[in-house]
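Here's the structure we're looking at; comments come further down.
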Amino acid sequence: MKPDETPMFDPSLLQEVDWSQNTATFSPMNPGEGLVLRPLCTADLNKGFFKASAYCLELEHNPRYIRMVQAKSWTLKKHFEGFPTDSNFELKTTELPPLNNGEVLLEALFISVDPYMRIASKRLKEGDRMMGEQVARVVESKNPAFPAGTIVVALSGWTSHSISDGNGLRKLPAEWPDKLPLSLALGTVGMPGLTAYFGLLDICGVKGGETVMVNAAAGAVGSVVGQIAKLKGCKVVGAAGSDEKVAYLKKLGFDVAFNYKTVKSLEEALRMASPDGYDCYFDNVGGEFSNTVISQMKTFGRIAICGAISQYNRTGPCPQGPPPEVVIYQQLRMEGFIVTRWQGDVRQKALTDLMNWVSEGKIQYHEYMLEGFEKMPAAFMGMLKGENLGKAIVKA
């Protein structure tokens, strides 16, 4: 473009100006196509305005194109000792490079916080980004498998923007109903729902007419466990940590629900809920709570060990497990598991089942939603304290 020509651009598209680089970034006019205004007159820039005869436009395919995307990320500043605090986290901002062929730029829409992160963080180095799933939108793409606008579930962690080569990205099912919020892909129709599904149906092998006990029953996993068990014709007993959560469990159709923090005796509460004992136990809590439940299991009872949230923040030694004689003479089967065991067709069938059950109103859900990327640590710590009813999620 000659200096005396007026370029065709819409000033309302202007996003930001980097005075040090003498560049201004424009919002894309078409998916995947960016425009950069390059001033040709530094003097005018220093005065704080652009002169029509002093700049030109360049398209994204120009190798000199600069896309300035600032990614905000929460990192592990210091490993946890006991319960996490704000001092364990640090918010960092980095500028992402231009995309290479085969890559996509993701913008987080919803980010998950889950109990497993408390333990999995031990594998991180201080300064690493916190891990986790997010529902993200592809905002720029050089990968034909994921065009701009595609909604994906990504293991990008606690970050506002990220670059992916496409490996590990999962598109939402094509049949995803418009009436279902996208955030459900992090909850009931995502990892927590799958955990409930496989833990109950595969690990416990639950059958109609059996009695199922689940703790942390008002959480993202426990609430789905109870509802699937009811769909399969079981009696369901759930324990939660507040009267509000107990009321929610009864609304979901649990046969018995109680507040484990206010009962005089957990042993007695369990016995009253099911005098004949329990066929299946879905354990999210661990510790003494689980020892008490296991002592009331029926012969050939099955126990799916999903989590031990009561122990994740301990600073002392781990408490003893259930009495060996109970496990032996009741011939119990206990199995720990993580949901990544199930892949391929069985995983897809489970997602379809969960999606259909939610769409048909057979499974209800509740989301504990915090808005704002800056709320990530607060959402994580609140979830560990049990403040959430249902799935804890941050809207980025």
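FYI, the numbering for the sequence shown is 1 to 396, going by full-length UniProt numbering. Backbone N, C-alpha and C fix where the C-beta goes; we use that ideal spot for every residue, glycine too. Source: prediction; values computed, not measured.
CB of residue i within 8 Å of CB of residue j, strictly
i: Y159; j: A108; result: Inspection of the sequence shows that residue 159 is occupied by Thr rather than by Tyr. Contact flag set, yes.
i: K122; j: T93; result: no
i: P84; j: M383; result: no
i: G321; j: N284; result: no
i: L249; j: G241; result: no
i: E133; j: L91; result: no
i: V138; j: A148; result: yes
i: P115; j: I309; result: yes
i: L200; j: A218; result: no
i: G344; j: E367; result: no
i: R333; j: R302; result: yes
i: E210; j: C234; result: yes
i: D279; j: V212; result: yes
i: A304; j: I203; result: yes
i: F337; j: N215; result: no
i: T188; j: V225; result: no
i: M396; j: I111; result: Strictly speaking, residue 396 in this sequence is Ala, with Met absent from that position. Cβ atoms of A396 and I111: closer than 8 Å.
i: G82; j: T315; result: yes
6 Å CB neighbourhood of residue i in its chain, flanking five on each side removed
i: V69; result: L96 and H161
i: D243; result: N259
i: A379; result: V113, L370, A392 and V394
i: K375; result: V394
i: V236; result: V212, G226, A229, K230, F254 and D255
i: A273; result: V237 and V256
i: M29; result: Residue placement at M29 cannot be trusted, given a pLDDT of 43 that sits under 50; the coordinates are not used to answer.
Which residues DSSP lists as bridging residue i, in chain order
i: Y278; result: M297
i: I151; result: R137
i: Y312; result: In the DSSP output, where bridge partners are listed per residue, Y312 has none listed.
i: H161; result: E107
i: W74; result: L91
i: M272; result: For M272, which the question treats as bridged, DSSP gives no partner whatsoever.
i: V237; result: M213 and V256
i: K391; result: E367
i: V69; result: L96
i: G208; result: Looking at the DSSP assignment, G208 forms no beta bridge with any residue, so it has no partner.
i: A304; result: F282 and E335
i: R129; result: T75
i: K171; result: V152
Contacting residues, own chain, Cβ-Cβ under 8 Å from residue i (five flanking each side not counted)
i: S20; result: Caution applies to S20, whose pLDDT of 44 falls short of 50 and renders its modelled position unreliable; the value that the coordinates give is listed next. Counting only Cβ-Cβ distances below 8 Å, and skipping sequence neighbours, we find nothing.
i: P177; result: M355 and S359
i: K261; result: G241 and S242
i: G102; result: K142, N143, D165 and G166
i: K2; result: Confidence is the limiting factor: at K2 the pLDDT is only 39, short of 50, which leaves the residue's position unreliable and the question unanswerable from this model.
i: K47; result: With a pLDDT of only 38 at K47, under the threshold of 50, the placement of this residue in the model should not be trusted, and no figure is reported.
i: K179; result: S359
Inter-residue CB distance, residue i and residue j (contact presumed, cutoff 8 Å)
i: S183; j: I363; result: Rounded, the Cβ-Cβ distance is 15 Å, inconsistent with contact.
i: Y312; j: I294; result: Not confirmed; about 20 Å, so no contact.
i: E126; j: K77; result: 6 Å
i: F89; j: P377; result: 5 Å
Sequence-distant residues of its chain with Cβ nearer than 7 Å to residue i (five each side left out)
i: T195; result: V221, C306 and V339
i: Q331; result: T299 and F300
i: A136; result: L106, E107, A108, L109, V152, A154 and S156
i: D10; result: The predicted model places D10 with a pLDDT of 46, which falls under 50 and marks its position as unreliable; any figure quoted below should be read in that light. Excluding residues within five positions, none has a Cβ falling inside 7 Å.
i: G277; result: Q296, M297 and K298
i: G208; result: K232, G233 and C234
i: D86; result: P377
i: K245; result: A218 and L389
Minimum Cβ-Cβ distance from residue i to chain D less than 8 Å
i: C306; result: Absence of chain D from the displayed structure is noted, only one protein chain being present.
So does the segment 308-326 actually touch the segment 251-271, counting three or more Cβ pairs closer than 8 Å?
Touching, no, given that fewer than three Cβ pairs across the two stretches are closer than 8 Å.
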